[in-house]
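Numbering (our numbering), first residue to last: 547 to 847.
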């Protein structure tokens with residue numbers, strides 16, 4: 547059985563597009579849709595409940611105890627019946643054939659990601675190319691390990707349980723962390739080019755700046771966490787030391803509004819990364835002071 551997992555928070559204006567797209571999927575085997583509601587207050591549950599009248603395989607799980615898509619996915623997975631988990635988001639829409647393509651891939655591979663198309667749900671404008679370059683469209687590559695977006699990802703349940711699901715401490719980039727930890731088990735990430743999700747860009751210029759700042763913040767924590775999984779410390783410090791040059795490197799490329807927008811997004815990422823390092827340094831000092839108080843010999847000295 548396959549379980550399609552959708553985290554949702556205040557998605558009343560978009561989740562119908564995703565549920566409509568899923569209702570049109572053609573697949574002969576048993577499958578279900580599990581929505582993990584992260585405490586929506588805008589009528590998201592009302593929309594889902596209307597669809598339940600015609601989609602008996604659709605169910606909702608209360609995932610409001612902790613903020614974040616990671617927690618919502620974990621709660622939905624805990625209630626799901628499938629031995630394979632397929633992830634998509636409440637503000638996108640899977641393309642025809644998505645479910646069948648993912649199912650076929652999972653017969654051969656244990657961890658798969660699909661492609662993301664940007665044209666259908668977005669009005670093309672001068673910022674589209676910049677947003678596409680930031681978001682990526684399929685299997686994404688990093689010098690450490692590749693990864694896929696949780697907006698179009700699938701895994702055998704046994705591996706999800708082996709890594710204890712998504713890390714709820716990550717309010718961004720939890721899908722990268724998830725993919726990396728599963729690959730640390732020896733599992734290979736495979737791209738399924740026929741499994742397409744129509745991706746919706748998130749918000750305006752300011753909200754995208756905040757989003758990239760959050761990406762930068764959790765990038766530092768992601769890299770620090772994965773020291774234990776073999777992430778090269780040299781790569782981490784090289785990134786840290788080169789950060790002051792990032793705004794300079796991009797500002798010399800500014801030629802028009804789209805390139806200015808891209809510079810603005812990279813500035814947000816850099817600020818978030820620096821902020822995260824400062825926070826981690828403070829946390830390390832507090833932890834060291836706590837250990838000193840707990841050690842009688844250190845306290846006496």
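By construction, the Cβ of each residue, glycine as well, lies at the ideal position given by its N, Cα and C atoms.
Between the region 760-773 and the region 706-722, the count of Cβ pairs shorter than 8 Å is three or higher; the stretches touch. Using a Cβ distance threshold of 8 Å, residue 630 and residue 574 do not count as a contacting pair.
In the assembly as shown, residue 710 is an exposed residue. Its beta-carbon has fewer than 16 other beta-carbons within 10 Å. Residue burial annotation: residue 694 is buried, with at least 16 other C-beta atoms found within 10 angstroms of its C-beta. The beta carbon of residue 679 is closer than 8 Å to those of 808 in its chain, skipping five residues each way along the sequence. Looking at the DSSP output, residue 579 sits in a beta bridge with 550 and 604. In this structure, DSSP gives residue 725 a helical state, which the three-state scheme calls helix.
Here residue 738 really is in contact with residue 651; their C-beta atoms are around 4 Å apart, less than 8 Å. For residue 736, the uninterrupted beta strand (DSSP E) segment begins and ends at 735-744.
The three-state reading of DSSP puts residue 774 in helix, counting H, G and I together. Where residue 594 is concerned, the enclosing alpha helix (DSSP H) starts and stops at 590-598.
Within the DSSP secondary-structure output, residue 634 pairs in no beta bridge. For residue 565, the enclosing alpha helix (DSSP H) begins and ends at 561-569. The region 584-592 makes contact with the region 553-567: 3 or more CB pairs, one atom from each, lie closer than 8 Å.
Here residue 700 is bridged, per DSSP, to 632 and 658. The beta-carbon distance between residue 609 and residue 618, rounded to whole angstroms, is 4 Å. This is short enough to meet the 8 Å contact definition. If you compare the alpha carbons of 823, 670, 692 and 740 with that of residue 721, the shortest gap goes to 692.
Note on residue 741: 16 or more other CB atoms within 10 angstroms of its CB, so buried under the neighbour-count rule. In the three-state DSSP reduction, residue 761 falls in the helix class (H, G or I).
Ranking 615, 594, 614 and 572 by CA distance to the CA of residue 606 puts 594 first.
Per DSSP, residue 609 has no beta bridge partner at all. Distance from the Cα of residue 686 is smallest, within the candidate group 744, 698 and 596, for 698. Distance from residue 675 to residue 804 at the Cβ level is roughly 6 Å; contact confirmed, criterion being Cβ atoms closer than 8 Å. Between the alpha carbons of residue 671 and residue 729 lies a gap of roughly 37 Å. Here residue 821 has 763 as same chain residues with Cβ atoms under 7 Å from its own Cβ, once five neighbours each way along the sequence are excluded.
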